[in-house]
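Student: There's a structure below that I have some questions on.
Numbering (my numbering), first residue to last: -6 to 117.
This is the structure:
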């Protein structure tokens, strides 16, 4: 591996460490841990996943109904109305905004959307 590539990888690690030290990342990690530690939130997440799986299976067989959709939406609404989930979703959005700004800063001199296109193929 070339010295230049090694230096770039080290800068990438330093960037990752710097992002991990930001208030947005720390808030996200705290919110994620709170959701993981909340038994009610975990039960609602499991319920949403179960209903989503049921809906996908029903849709694949052509048996999906509005009732499937309504149950799934109601379960998602219940989950997203929990204080712990509101904080998690807000923290996630704030971190995503920060990461998008970093992506713009990295992509600008490259004339490519580093995060969105660098790994893709044949994009117009």
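From the three backbone atoms N, C-alpha and C, an ideal C-beta is built for every residue, glycine too.
Just so it is clear, the structure is predicted and the values come from calculations on it, not from any experiment.
Kindly provide the ranges of any alpha helix (DSSP H) runs that are 4 or more residues long and lie completely inside the stretch 25 to 62, ordered along the chain.
Tutor: Listed in chain order, the complete alpha helix (DSSP H) runs (minimum 4 residues) inside the stretch 25 to 62 are 32 to 54.
Student: Work out the CA separation of residue 4 and residue 29 for me, nearest whole Å.
Tutor: Distance between the alpha carbons of residue 29 and residue 4: 32 Å.
Student: Here's the rule: buried if 16 or more other CB atoms are within 10 angstroms of the residue's CB, otherwise exposed. What is residue 7?
Tutor: Exposed is the call here.
Student: Count the other CB atoms within 10 Å of the CB of residue 117; is the residue buried (16 or more) or exposed (fewer)?
Tutor: Caution applies to residue 117, whose pLDDT of 45 falls short of 50 and renders its modelled position unreliable; the model cannot decide the point.
Student: Under 8 Å, do residue 72 and residue 37 count as touching if we go by C-beta distance?
Tutor: A contact, by the Cβ cut-off of 8 Å.
Student: The alpha helix (DSSP H) with residue 2 in it runs from where to where?
Tutor: Residue 2 -> alpha helix (DSSP H) spans -4 to 13.
Student: Identify the continuous alpha helix (DSSP H) that holds residue 103 and give its terminal residues.
Tutor: First-last for residue 103: undefined, no H or E at that position.
Student: Of the residues 86, 42, 10 and 49, which one's Cα is nearest the Cα of residue 68?
Tutor: Checking every option, the nearest Cα to that of residue 68 belongs to 42.
Student: Could you check which residue in 104, 103, 64 and 86 has the C-alpha nearest to that of residue 17?
Tutor: Closest by alpha carbon: 86.
Student: Taking only the alpha-carbon atoms, compute the straight-line gap between residue 81 and residue 97 and give it to the nearest angstrom.
Tutor: Cα-Cα distance, rounded: 24 Å.
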